[in-house]
Amino acid sequence: MHLKLFVLSASSVMLWLAPLTALDKRLDVHKALQGVSLTAAIACAVTAGNIAREQAEQNDIEKIKTRAITADVVDEIATSAYVSQQQRQQEAEQILATDERIDEQDAELNSIKESLELLLNQTYSDSGSLAVVNLSPRQREQIELILQFHAKGISGKNKILKEVWGVSAGSSQAYRNAKAEYEYLMPFIKEEEGGG
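Dropping the structure here:
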């Protein structure tokens, strides 16, 4: 393409200069040859200009293609980085969720440990009655609520568990914990009812 452009440009210059220098001015056809040469020079120049314009357009198209490829690569890298970030975030959330489950299990173990400690601390006084001094304020409140429900005529274990602990009958860990605590408090409740 460049060679064709160069040849046409050189030809147009040669055809324009040739009649001025090479042709003898004494010939009768001098003016006609000069006109034909000038017309050919103009045609070569126009063709060379068209080729130059086409080549400029092709260069612009190549630049646009290069920009599009670059933008596509940048977009692909950004998408890959975003996906990688999302994967890292999901992995972090899974690790945190595992930590939360471990915390829940620790809290459950602590609750069981407290219940066992209270059970071990359960002692009888000299008169044979259970000592209530080892009960926590929360457990005393629960005993009071249970006594109030018994006074109202509500004595079903599941109803009391639902009202006092807020758990429904089932196999959940919260229900099992509430049931164990209720059974632990039952001797104290019976003593309160018997003494009251």
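In terms of mature numbering (1 follows the signal peptide of the UniProt record, and there is no 0), the sequence shown is residues -22 to -1, 1 to 174. Glycine residues also receive a C-beta, built at the ideal position from the N, C-alpha and C atoms. Nothing here was measured: the structure is a model prediction, and the numbers come from that model.
Task: Residues of its chain near residue 23, where Cβ-Cβ distance is below 8 Å and the 5 sequence neighbours each way are ignored - done: Excluding sequence neighbours, residue 23 sits near -15, -14, -11.
Open item on the list: Please state whether the Cβ-Cβ distance between residue 153 and residue 138 is less than 8 Å.
Closed with: It is not a contact, given that the beta carbons lie outside the stated cut-off.
- [ ] For residue 166, count neighbouring Cβ atoms within 10 angstroms of its own Cβ and tell me buried if that reaches 16, exposed if not.
- [x] In summary, residue 166 is buried, with 16 or more beta-carbon neighbours lying within 10 Å of its beta-carbon over all protein chains present.
Task: Given 8 Å, three or more beta-carbon pairs between the segment 123 to 130 and the segment 139 to 150 - done: Under the Cβ criterion (8 Å, minimum of three pairs), the segment 123 to 130 counts as touching the segment 139 to 150.
Open item on the list: The alpha helix (DSSP H) that contains residue 119, what's its start and end?
Closed with: First-last of the alpha helix (DSSP H) with residue 119: 115 to 129.
Open item on the list: Using the Cβ count rule (16 or more neighbours within 10 Å means buried), how would you classify residue 163?
Closed with: By the neighbour-count criterion, in which 16 or more other beta carbons inside 10 Å mark a residue as buried, residue 163 falls on the buried side.
TODO: Buried or exposed for residue 156, please, with buried defined as at least 16 other CB atoms from any protein chain shown within 10 angstroms of its CB.
DONE: Within a 10 Å sphere around the beta-carbon of residue 156 sit 16 or more other beta-carbons, which makes this residue buried.
Task: DSSP-derived helix/strand/coil call for residue 147 - done: Assignment of residue 147 by DSSP, reduced to helix, strand and coil, places it in the coil class.
- [ ] Give a yes or no on whether the C-beta atoms belonging to residue 147 and residue 93 are separated by under 8 Å.
- [x] In this structure, residue 147 sits away from residue 93, with a CB-CB distance that is not shorter than 8 Å.
- [ ] Look at residue -19 and residue 29 and say whether their C-beta atoms are less than 8 Å apart.
- [x] Yes. Within cutoff.
Task: For residue 33 and residue 15, the rounded distance between their alpha carbons - done: Answer to the nearest angstrom: the Cα atoms are 27 Å apart.
Open item on the list: I need the straight-line Cα distance from residue -9 to residue 39, nearest angstrom please.
Closed with: Spanning the two alpha carbons is a distance of roughly 33 Å.
Open item on the list: Can you give me the C-alpha to C-alpha distance between residue -17 and residue 48, rounded to a whole angstrom?
Closed with: When only Cα atoms are considered, residue -17 and residue 48 end up about 33 Å apart.
Open item on the list: Does residue 179 come out as helix, strand or coil in the three-state DSSP assignment?
Closed with: Shown here, the chain extends from -22 to 174; a query on residue 179 therefore has no answer.
TODO: Report the rounded CA-to-CA distance for residue 12 versus residue 27, giving the unit in angstroms.
DONE: Per the coordinates, the alpha-carbon of residue 12 lies some 22 Å from the alpha-carbon of residue 27.
Task: Neighbourhood of residue 89 by C-beta distance below 7 Å, restricted to the same chain and skipping five residues each side - done: Cβ contact annotation for residue 89 (same chain, cutoff 7 Å, sequence separation greater than five): 155, in chain order.
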